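Going by the numbering used here, the letters in the sequence shown line up with residues 188 to 372, in that order. All C-beta atoms, glycine included, are put in the ideal place defined by N, C-alpha and C. The structure displayed is predicted, hence computed values, not measured ones.
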Amino acid sequence: MIIETERLILRPFTENDAADVYEYLKEPAVNCFACMKLDPVEEAKEEMKKRVSETEYYFAITLKDSGKVIGEIDAYPETGELHTDENYVRDTFSPCWMLNADYQGKGYAFEAAHPFFDYLFSKKGARRIYTYVEDYNRSSQHLCEKLGMRREGLFLEFVSFVNNPDGTPRYENTYQYAILKKEWR
């Protein structure tokens, strides 16, 4: 699957994307991506080998004019609650997006996320899309609002992705945003 916009192409990853991905995953800007940190660049090459088979839900965000990978966006249908059976309709998605810091603030995140949400709603049967955003990540909060998502709540000390200097967990305050298919414009 490929999604094309005015300036971007969202496409599956290839093994040749390792150097570009390494640029933004050698030092993730937001703590929730700390577990994705790649070092050295050989780890990026191995990661690209894993991502090659992901063609429906995980996309490289590339510049149309140069083909450079400037970020990524993904969302998978959730499996449901423990009490549901195998026939459970998997219509809830929680997307994740990340951009190379050199390309932030230029409208690329919205240009990628908007058609991706449309793809999830129109082609993948999404009924509800929600995401978590740290309380300090103002740019992602703004993106959620621009996409028409509503802020559903603030979870205090919700989750920890990194440790404090003394080794104790650093808990994040996290907002939840969501939008339903019937709210999508």
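For residue i, the first and last residue of its enclosing beta strand (DSSP E)
| i | result |
| --- | --- |
| F342 | R337 to N350 |
| V320 | R315 to E321 |
Bridge partner(s) assigned by DSSP for residue i
| i | result |
| --- | --- |
| T249 | I196 and V256 |
| V276 | In the DSSP output, where bridge partners are listed per residue, V276 has none listed. |
| I190 | L197 |
| D261 | Y245 and C283 |
Through-space distance from residue j to residue i, alpha-carbon basis
| i | j | result |
| --- | --- | --- |
| Y290 | I257 | 7 Å |
| E210 | V276 | 38 Å |
| A205 | A288 | 17 Å |
| R337 | H301 | 15 Å |
| I248 | E193 | 13 Å |
| D322 | Q363 | 10 Å |
| T201 | L250 | 15 Å |
| A221 | V349 | Its pLDDT being 49, under 50, A221 is placed unreliably by the model, and the measurement read from it follows with that caveat. Each residue's Cα considered, the two are about 7 Å apart. |
| D262 | P352 | Reading the sequence as shown, one finds Ala at residue 262 and not Asp. Whole-angstrom Cα-Cα distance: 32 Å. |
| S253 | E234 | 22 Å |
| P227 | D207 | 13 Å |
| R325 | Y244 | 25 Å |
| E229 | K255 | 19 Å |
Extent of the continuous alpha helix (DSSP H) run through residue i
| i | result |
| --- | --- |
| Y209 | A205 to L212 |
| A231 | V228 to R238 |
| R357 | Element bounds for R357: not the alpha helix (DSSP H) but the beta strand (DSSP E), P356 to L367. |
| L334 | It is not in any alpha helix (DSSP H) - L334 carries neither H nor E in the DSSP assignment. |
Same chain, Cβ closer than 6 Å to residue i, five either side skipped, listed in chain order
| i | result |
| --- | --- |
| T279 | E265 and R315 |
| L343 | N360 |
| K232 | A205 |
| Y358 | E344 and S347 |
| N203 | none |
| S327 | V320 |
| C283 | D261 |
Contact set for residue i: own chain, Cβ-Cβ below 8 Å, skip 5 residues either direction
| i | result |
| --- | --- |
| E298 | T192, E193, R194 and L195 |
| P197 | Note that residue 197 is Leu in the sequence shown, not Pro. If we look at L197 and ignore the five residues flanking it on each side, its Cβ neighbours are I189, I190, E191, F246, A247, I248, T249, I260, A299, P302 and F303. |
Contacting residues, own chain, Cβ-Cβ under 7 Å from residue i (five flanking each side not counted)
| i | result |
| --- | --- |
| K368 | F308, A313 and R314 |
Check your understanding: Can you list, in chain order, the stretches of the beta strand (DSSP E) that have 3 or more residues and sit fully within the stretch 282-310?
Key -> 283-286
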